[in-house]
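Worksheet: one structure, shown below.
Number of protein chains: 2
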Amino acid sequence: MLELDYTNVLESAVHANGIPKIAFEKAAESSKHIVDDIHRAHASGKLGFGDLPTDRNALKAVIDFARSHSFPNVLLLGIGGSALGPAALDAALNHPNSGRRLIVLDNIDPDFLRDSLESISAQDTVVNVIAKSGVTAETMATFAVVRRWMIDAIGETKTRERFVVTTDPVKGDLLAIAQHETYPAFVIPPNVGGRFSVLTPVGILPAALLGFDVEGLMNGARSAADRARKPFFENPALVAAFIQFVLERERGKRILALFAYSQSLWKFAFWFKQLWAESLGKKMDRRGREVYYGQTPTAALGVTDQHSQLQLFIEGPNDKSFLFWDVKEFRNSLPIDHPFTTFDSMGYLEHKTMADLFRAEKQATEIALTEAGRPNATITVDRINAEALGELIMFSQYFTAYAGEFYDIDAFDQPGVEYGKKLTFAMMGRPGFAEYSRKIDEIRHRGRAIIR
Amino acid sequence: MLELDYTNVLESAVHANGIPKIAFEKAAESSKHIVDDIHRAHASGKLGFGDLPTDRNALKAVIDFARSHSFPNVLLLGIGGSALGPAALDAALNHPNSGRRLIVLDNIDPDFLRDSLESISAQDTVVNVIAKSGVTAETMATFAVVRRWMIDAIGETKTRERFVVTTDPVKGDLLAIAQHETYPAFVIPPNVGGRFSVLTPVGILPAALLGFDVEGLMNGARSAADRARKPFFENPALVAAFIQFVLERERGKRILALFAYSQSLWKFAFWFKQLWAESLGKKMDRRGREVYYGQTPTAALGVTDQHSQLQLFIEGPNDKSFLFWDVKEFRNSLPIDHPFTTFDSMGYLEHKTMADLFRAEKQATEIALTEAGRPNATITVDRINAEALGELIMFSQYFTAYAGEFYDIDAFDQPGVEYGKKLTFAMMGRPGFAEYSRKIDEIRHRGRAIIR
Chain A
0 MLELDYTNVL
10 ESAVHANGIP
20 KIAFEKAAES
30 SKHIVDDIHR
40 AHASGKLGFG
50 DLPTDRNALK
60 AVIDFARSHS
70 FPNVLLLGIG
80 GSALGPAALD
90 AALNHPNSGR
100 RLIVLDNIDP
110 DFLRDSLESI
120 SAQDTVVNVI
130 AKSGVTAETM
140 ATFAVVRRWM
150 IDAIGETKTR
160 ERFVVTTDPV
170 KGDLLAIAQH
180 ETYPAFVIPP
190 NVGGRFSVLT
200 PVGILPAALL
210 GFDVEGLMNG
220 ARSAADRARK
230 PFFENPALVA
240 AFIQFVLERE
250 RGKRILALFA
260 YSQSLWKFAF
270 WFKQLWAESL
280 GKKMDRRGRE
290 VYYGQTPTAA
300 LGVTDQHSQL
310 QLFIEGPNDK
320 SFLFWDVKEF
330 RNSLPIDHPF
340 TTFDSMGYLE
350 HKTMADLFRA
360 EKQATEIALT
370 EAGRPNATIT
380 VDRINAEALG
390 ELIMFSQYFT
400 AYAGEFYDID
410 AFDQPGVEYG
420 KKLTFAMMGR
430 PGFAEYSRKI
440 DEIRHRGRAI
450 IR
Chain B
0 MLELDYTNVL
10 ESAVHANGIP
20 KIAFEKAAES
30 SKHIVDDIHR
40 AHASGKLGFG
50 DLPTDRNALK
60 AVIDFARSHS
70 FPNVLLLGIG
80 GSALGPAALD
90 AALNHPNSGR
100 RLIVLDNIDP
110 DFLRDSLESI
120 SAQDTVVNVI
130 AKSGVTAETM
140 ATFAVVRRWM
150 IDAIGETKTR
160 ERFVVTTDPV
170 KGDLLAIAQH
180 ETYPAFVIPP
190 NVGGRFSVLT
200 PVGILPAALL
210 GFDVEGLMNG
220 ARSAADRARK
230 PFFENPALVA
240 AFIQFVLERE
250 RGKRILALFA
260 YSQSLWKFAF
270 WFKQLWAESL
280 GKKMDRRGRE
290 VYYGQTPTAA
300 LGVTDQHSQL
310 QLFIEGPNDK
320 SFLFWDVKEF
330 RNSLPIDHPF
340 TTFDSMGYLE
350 HKTMADLFRA
360 EKQATEIALT
370 EAGRPNATIT
380 VDRINAEALG
390 ELIMFSQYFT
400 AYAGEFYDID
410 AFDQPGVEYG
420 KKLTFAMMGR
430 PGFAEYSRKI
440 DEIRHRGRAI
450 IR
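Going line by line, the protein sequences match chains A and B.
According to numbering that gives the first Met the number 0, the first sequence is numbered sequentially starting from 0.
According to numbering that gives the first Met the number 0, the second sequence is numbered sequentially starting from 0.
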């Protein structure tokens, strides 16, 4: 089961950069309303993410669909919350020789799209178009390109049989287009936001198509959701949220460094980055005050980034909080077997395993950060499997939601990106955005400072 | 040629978060010694990175070697400065159907190593072991595992013909092991540090083995090195360094958000992250004062991260400086061709291209950040090719070196990671590290705060 070790955020470990034990006791009392508020939002139907693991119908539907749509390539068209979750599951649960491959088209760089499509065979591919809003510009454009590519390769009739969409049950155009083209469609419950949607068909349909254990995923998620309703000291998501809130507000840890000590969790860190950044990066709090909140998440990979970011983490400004994501058991231990025992740099590795070295480096990094007064906590799962991913996902969603409650902000909207979308529409000549075109023209006529 | 557009870091664009024009005029005078200092270090032989593009011998040697070692897979064993540069070149310059593939083993997670090796055929593989120090624990351990894997697959004699090492000409064990095993060896000049070494055989040997235009790479790098010696207003690296220094020190932009608007430059951003973080993240300045300097780099990908990080960038704390990495021309434009013209969300895309949409979104993001008072600059290259990568690399290295001069720190060491390495050796039982074992024992016996 998922563990939270917060020894190294305590004052006893990192002194003035840490949190006194007594503050936790107080938080156990004062945070009760936070748990109640979130669960009231669940009960009223306003907030859906916590109830997803109990939705047996959605689970059965994707499993049935996957059984009848078995292809080597799952081509996913989606961006942000419609891509990061499935990509995280794939990175953690797929293996190179599984015979299934996820290709995620989450960018509209034309060279990336062209190269990606050239590297796969349409014949071997099922396409999942995912857009919560049903209108996302990037996804709709990519859909047009991929549909054309597939029709050119296998014809219009067969193409119709290869597309499946995941979208809102009412909003947007994607559902209507699916109906027009006779594509099957899965729905995202309206009370589940994009970045909280990985346990809807957004994530579980690709997972099922890739042959992952979606039942295990949901079981793990349900266990984490249950723990998220428990009292403070049995509730890792709540304690973790309290820790980050205090470290950011009162100890100046403006950056949350996500340190994944497992290659399998590298993309999970990117999924988490969106969850944290979009949920907590807010100009206004719920009382309408300008607060400009938001701890900046940054992703690091253990042990790899010990040779890239660690120098800054240890010696740079003490403005970071560290969150390790650790795994108890690997599938392999991998003996380090060699004849170069007389060399200093190799002798000590004899009769050891890669797992030994990896563990030692994680512990060494943790100690070095702690000794340098850098607060750090560790989330540990037993092993990388579907159940653990379910736990990690649901834990992270409650962790983020509770942090939003501590900040007293709306963790479920993203008002800051609307302006850029409107500017894009204006530049693309979409009707109804003329007022933004004037702004763009004005800026284009300003002088620029360029060194060329 | 590489351009730096710094319009949006000026006061005229972002007001109090920007830099007045007069400050640039003053910096043009006051920064002269900085350029002189770096070039004196080049001339004296202390600092080597700027002279690498003129080393015709190194270039010829790798080209000759690559000609006689043509294999579909280039398996690279290295970490940090021995992996990030080659990976960046591969991500930018390789294509899925080139027939050549780079596999980088830059982590010791045993599952990652096992899965990576299971996904390739030893028969089709040449192995490049890269370690500047010649003793790097992760790389030596990985070498042992990969050597064993290859011997098991193709036998000891053939294995000897498939390994090539890149290391220091004197230090460490890797050169001696190479001589013992009769592997060919390439050297990294001692006056070039790991994170500045991509234009040594560290980067150009894998590049040549992958069939990239290494001559073009060096030509681009030479052009950027020449510009880095010019007066302030013709020297993009110097101006860029001045900008980040002022934004970080005087405007509180503690985070440098690298926003790569090209999928091809995504791994380049990770290479840059190491360069910036390890070079500038320093506890002590040159006068021996405790300064804890270092702007934290974070990587974002356009347009993908508009749907992940942009909400925080626009509405969160104004503690970031943004650096866009842009490309003028794509290889493809990719028409958005579809019959769904009656739908609002698709009609406006007709007769447009993916390149149009991508460009519009980059400009929209730039405007939205600027209007929100967030200083941002753009580095642009004409197109993604070897020459442009050479320019970007050399520009970035001078950019970082000049920033180090503004901060008056040593940008070329990394003292902060030594303690963790010693702790690792102690845990692995390497002789000579007993004093660190005591520390570890003490910590292991402390009580821990865990929620499980």
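Glycine included, every Cβ here is placed at the ideal spot set by N, Cα and C.
Neighbourhood of residue i by C-beta, 8 Å cutoff - its chain only, sequence neighbours within 5 removed
i: Ala40(B); result: Leu46
For residue i, the nearest candidate out of the options (CA to CA)
i: Leu83(B); options: Ala130(B), Gln310(B), Ile18(B); result: Ala130(B)
i: Thr181(A); options: Lys157(A), Ala22(A), Thr303(A), Ser81(A); result: Lys157(A)
i: Gln308(A); options: Ile450(B), Ala259(B), Ala387(B), Val416(B); result: Val416(B)
i: Val302(A); options: Met353(A), Leu216(A), Asp36(A); result: Met353(A)
i: Ala299(A); options: Ile150(A), Lys361(A), Phe394(A), Pro414(A); result: Lys361(A)
i: Arg99(A); options: Pro296(A), Arg330(A), Phe70(A), Gln413(A); result: Phe70(A)
i: Leu333(B); options: Asp318(B), Phe357(B), Gln310(B); result: Phe357(B)
i: Asn93(B); options: Asn72(B), Leu76(B), Ser30(B); result: Asn72(B)
i: Gln122(B); options: Gly419(B), Val144(B), Met149(B); result: Met149(B)
i: Thr295(B); options: Val213(A), Phe312(A), Val125(A); result: Phe312(A)
i: Glu137(A); options: His350(A), Gly77(A), Gly219(A); result: Gly77(A)
i: Thr199(B); options: Gly280(B), Lys229(B), Asn56(B), Lys281(B); result: Asn56(B)
i: Glu249(A); options: Glu160(A), Leu104(A), Lys319(A); result: Lys319(A)
i: Asp4(A); options: Ala239(A), Val164(A), Pro338(A), Leu216(A); result: Ala239(A)
i: Glu214(A); options: Arg451(A), Glu160(A), Leu388(A); result: Leu388(A)
i: Asp50(B); options: Ala27(B), Phe398(B), Arg221(B); result: Arg221(B)
Range of the contiguous alpha helix (DSSP H) that encloses residue i
i: Tyr418(A); result: 417-426
i: Tyr401(B); result: 385-406
i: Leu116(A); result: 109-117
i: Asp336(A); result: Note, Asp336(A): premise wrong, no alpha helix (DSSP H); not H, not E.
i: Leu311(B); result: 309-314
i: Ser344(A); result: 343-346
i: Arg437(B); result: 433-443
i: Glu10(B); result: 10-13
Extent of the continuous beta strand (DSSP E) run through residue i
i: Thr166(B); result: 162-166
i: Lys282(A); result: 281-283
i: Ile104(A); result: Looking at the sequence shown, residue 104(A) is not Ile but Leu. Where Leu104(A) is concerned, the enclosing beta strand (DSSP E) stretches over 100-104.
i: Leu356(A); result: No beta strand (DSSP E) contains Leu356(A), which is instead part of the alpha helix (DSSP H) from 353-370.
i: Val128(A); result: 124-130
i: Asp325(B); result: 319-328
i: Val380(B); result: 375-382
i: Glu137(A); result: Careful: Glu137(A) lies outside any beta strand (DSSP E), inside the alpha helix (DSSP H) at 136-153.
i: Leu3(B); result: 2-4
Sequence-distant residues of the same chain with beta carbon closer than 7 Å to residue i, five excluded per side
i: His306(B); result: none
i: Thr369(B); result: Asn7, Ala12, Val13, Asn375
i: Pro188(A); result: Gly47, Thr199
i: Ser115(B); result: Ile102, Leu104
i: Glu404(B); result: Ile33, Asp36, Ile37
Contacts around residue i, its chain only, beta-carbon distance under 6 Å, and the 5 residues preceding and following it disregarded
i: Ala400(A); result: Ile37, Ala410
i: Asp284(B); result: Val290, Asp407, Ile408
i: Phe162(B); result: Val126, Tyr182
i: Ser261(B); result: Val326
If you measure beta-carbon to beta-carbon, which residues of the stretch 243-273 of chain A are closer than 7 Å to chain B?
Arg253, Ile254, Ser261, Gln262, Ser263, Lys272, Gln273
Whole alpha helix (DSSP H) elements within the stretch 170-233 of chain B, 4-residue minimum
173-180, 200-208, 213-226
Taking a Cβ distance cut-off of 9 Å, strictly less, list which residues of the stretch 132-156 of chain A are near chain B, in chain order.
Ser132, Gly133, Val134, Thr135, Ala136, Glu137, Met139, Ala140, Thr141, Phe142, Ala143, Val144, Arg146, Arg147
Inside the stretch 231-307 of chain B only - beta strand (DSSP E) runs reaching at least 3 residues:
254-259, 281-283, 289-292, 295-300
I'd like the ranges of any beta strand (DSSP E) spanning at least 3 consecutive residues and lying wholly in the stretch 25-104 of chain A.
72-76, 100-104
Which residues, in chain order, does the stretch 405-419 of chain B contribute to contact with chain A at a C-beta distance below 8 Å?
Gln413, Pro414, Gly415, Val416, Tyr418, Gly419
Cβ-based contacts, 9 Å cut-off: residues of the stretch 275-293 of chain A near chain B:
Trp275, Ala276, Glu277, Ser278, Leu279, Gly280, Lys281, Lys282, Met283, Tyr291, Tyr292, Gly293
Can you give me, in chain order, the residues of the stretch 20-52 of chain B that have a beta carbon less than 9 Å from any beta carbon in chain A?
Lys20, Phe23
Listed in chain order, which residues of the stretch 299-317 of chain A have Cβ atoms closer than 9 Å to some Cβ of chain B?
Leu300, Gly301, Val302, Thr303, Asp304, Gln305, His306, Ser307, Gln308, Leu309, Gln310, Leu311, Phe312, Ile313, Glu314, Gly315, Pro316, Asn317
The stretch 380-402 of chain B: which residues have C-beta closer than 9 Å to a C-beta of chain A, in chain order?
Ile383
Members of the stretch 203-224 of chain A near chain B, C-beta cut-off 9 Å
none
Taking a Cβ distance cut-off of 8 Å, strictly less, list which residues of the stretch 93-115 of chain B are near chain A, in chain order.
His94, Pro95, Asn96, Asp105, Asn106, Ile107, Asp108, Pro109, Asp110, Phe111, Leu112, Arg113, Asp114, Ser115
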